[in-house]
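Residue numbers (our numbering): 175 to 388.
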């Protein structure tokens, strides 16, 4: 069973479905709802299997199933329209978020401090992995370029130029490969997980959602 926190606004049906990075649990990441709730939506955070108070053991396929389950909770139990669900992936969470686009319909996607593919991110962190062919790695590669180079919901990419965990070039490569509709919010001089100045992020997100009537 997954454990989650649902911060609900009574004045809107919009909800940000947040998939977090690796490590810790949702109680360590309460800055996400603090930022997103004032941006005009409820927030559902959850822990992957094996993290925090969620049962089970984590796996690459499993984290994608976890996000699908959280989405189904919103649609089936909270009666949210798929169009009201804004899939928000942070860091590692951008991988499951990309895979959700292949499984379910969402209103829009926001990828913060993410990767163009899990394999590329792994090779950036561990360069010796480049010695091995792609075929030796797990089938589930969380390849966001493959997802967003095909028809997809409106996409907003948020990334700091000084990210030393997942390089800014991940965002550049993903934006270049993705087809429309797409937008990128560049945070000059900021590192991993940065939102930049809150007012700038809020205004960018609000304009993005308004543009697509979400």
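No residue lacks a Cβ here, since even glycine has one placed at the ideal position from N, Cα and C. A quick note: this is a predicted structure, and the numbers were derived from the prediction, not measured.
Check: Selected residue, minimal CA-CA separation from residue 184, among 256, 215, 178; Outcome: 215
Check: Short Cβ contact (8 Å threshold) for residue 287 with residue 177; Outcome: no
Check: Beta-carbon proximity list for residue 199, same chain, < 6 Å, skipping 5 on both sides; Outcome: 221, 225, 226
Check: CB-CB length for residue 281 against residue 259, believed under 8 Å; Outcome: 6 Å
Check: Reference residue 201; option with closest CA among 219, 315, 382, 354; Outcome: 219
Check: Cα-Cα separation, residue 372 to residue 361; Outcome: 11 Å
Check: Alpha-carbon spacing of residue 245 relative to residue 347, whole angstroms; Outcome: 28 Å
Check: Cβ neighbour criterion (16 or more within 10 Å) applied to residue 175; Outcome: exposed
Check: Residue closest to residue 315, alpha-carbon to alpha-carbon, out of 271, 334, 375; Outcome: 271
Check: Buried/exposed call for residue 374, threshold 16 Cβ in 10 Å; Outcome: exposed
Check: Three-state secondary structure assigned by DSSP to residue 298; Outcome: helix
Check: The beta strand (DSSP E) enclosing residue 209, as first and last residue numbers; Outcome: Unbroken run through residue 209 is the alpha helix (DSSP H), 205-210; no beta strand (DSSP E).
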